[in-house]
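Residue numbers (the numbering used here): 780 to 1051.
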């Protein structure tokens, strides 16, 4: 019995050691494009899938392959647009850029790529429309029901598959290099505002703060959404919308409720 316990203990220690090695190795990312200068403004993008919890509950067999495609598409775009993947939690991405144009370029191409992607199922779209219809039946005055009443042909001109919201913000903030993971992370007001900006948007929408918009060198048409109160942010932040997919309409910006600071990434279940 003692020998059995000893063998089991060795096996557990070996597994833990291997797991630690794999985890550490897996987090060693290419930091070429990671913003490193705390004296220079950098741009953060947060992304998140709308209603992911409901999608997993209703169509789990479709969400597995869809999430694989979601991650693959975003990671290809991160490389293409000179971004740095800071972290992922579930279906949420936090991405850093030295240049705001690269950040917005990723968001625009993300929306177009997701819209044109062959998801090999209609179940995701059907679920989104069901959720909107249920919201409408629960509250006839709700502005959440945007696409459920559209004819199929018209729906297909603006929506397809997973709906991903994007939030973009630029600023100067604290940057830390982790000697264990050999990666950079970002702290303070910049990630807070970027996360809140993503959180108030809708799936398929790109929300950009005035701070990020001011850093853009390219002339990009934007819709002014006005000053928005973001939870945990002292002053209202002027927000803009970039229309990547022509004709797409959105509900009003979402009101955040009961979100703690540690929920900046885990808030991304996006049940709205």
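Where a beta carbon is used, it is the ideal one built from N, C-alpha and C, also for glycine. As the structure is a computational prediction, the values presented were derived from the model and not from experiment.
Q. Looking at residue 874 and residue 862, is the spacing between their C-beta atoms short of 8 Å?
A. Cβ atoms of residue 862 and residue 874: closer than 8 Å.
Q.
Looking at the ligand HEM, does it come within less than 7 Å of residue 863, judged from the CB to the closest heavy atom?
A. In the structure on display, the ligand HEM does not appear, and there are no ligands present to speak of.
Q. Which whole-angstrom value is the C-beta distance of residue 949 and residue 820, which I expect to be below 8 Å?
A. Contact between residue 949 and residue 820 holds: CB atoms are separated by about 5 Å, below the 8 Å threshold.
(Q) Is the separation between the beta-carbon of residue 904 and that of residue 940 shorter than 8 Å? (A) Contact: yes.
**Q.** From 872, 995, 1027, residue whose alpha carbon lies closest to that of residue 964
**A.** Of the listed residues, the one whose Cα sits closest to residue 964 is 872.
Q | Other residues of its chain near residue 1033: CB distance less than 8 Å, five sequence neighbours each side excluded | A | If we look at residue 1033 and ignore the five residues flanking it on each side, its Cβ neighbours are 978, 979, 980, 981, 1051.
Q. Residue 956 bridges to which residues according to DSSP?
A. Residue 956 pairs with 963.
**Q.** Straight-line gap, residue 1028 to residue 966 (C-alpha atoms, nearest Å)
**A.** Spanning the two alpha carbons is a distance of roughly 33 Å.
Q: Go to residue 1004, then tell me how far its beta strand (DSSP E) extends in each direction, as first and last residue.
A: Segment 1002–1007, the beta strand (DSSP E) holding residue 1004.
Q. With distances taken between CB atoms, is the gap from residue 992 to residue 825 smaller than 8 Å?
A. No; because the gap between Cβ atoms is not below 8 Å, this pair is not in contact.
Q. What span of residues does the alpha helix (DSSP H) with residue 977 cover, start to end?
A. Residue 977 -> alpha helix (DSSP H) spans 968–979.
Q) Below 8 Å, can you find three or more Cβ-Cβ pairs linking the region 1018–1028 to the region 885–892? A) Flag = yes, the region 1018–1028 and the region 885–892 touch.
Q. Can you list, in chain order, the residues of its chain whose CB lies under 8 Å from that of residue 1015, leaving out five sequence neighbours each side?
A. Same-chain partners within the cutoff: 1006, 1007, 1008, 1009.
Q) Taking buried to mean at least 16 other C-beta atoms within 10 Å of its own C-beta, is residue 1000 buried or exposed? A) Under this definition residue 1000 is an exposed residue.
Q) Do residue 947 and residue 1012 come within 8 Å of each other at the CB atom, strictly closer than that value? A) Not a contact, by the Cβ cut-off of 8 Å.
Q: Reducing DSSP to helix, strand and coil, say where residue 948 ends up.
A: Strand.
Q) What distance in whole Å lies between the Cβ atoms of residue 812 and residue 877, which are believed to be in contact at a cut-off of 8 Å? A) Yes, residue 877 and residue 812 are in contact; Cβ-Cβ is about 6 Å, under 8 Å.
(Q) Between 968, 894, 996, which has its C-alpha nearest residue 952's C-alpha? (A) Comparing Cα-Cα distances from residue 952 to each of 968, 894, 996, the minimum goes to 968.
Q. Expressed to the nearest angstrom, what Euclidean distance is found between the alpha-carbon atoms of residue 906 and residue 836?
A. Across the structure, residue 906 and residue 836 are spaced so that their CA atoms are roughly 10 Å apart.
Q. In chain order, what residues of the same chain have a beta carbon less than 8 Å from the beta carbon of residue 1031, not counting five sequence neighbours either side?
A. 922.
Q. Which of helix, strand or coil does DSSP assign to residue 999?
A. Shown here, residue 999 sits in coil according to DSSP, grouped into three states, outside any helix or strand.
**Q.** Status (buried if at least 16 other CB within 10 Å, exposed otherwise) for residue 928
**A.** Exposed, because fewer than 16 other Cβ atoms sit within 10 Å of the Cβ of residue 928.
**Q.** N-terminal and C-terminal residue of the beta strand (DSSP E) that residue 867 is part of
**A.** Start and end: 863–868.
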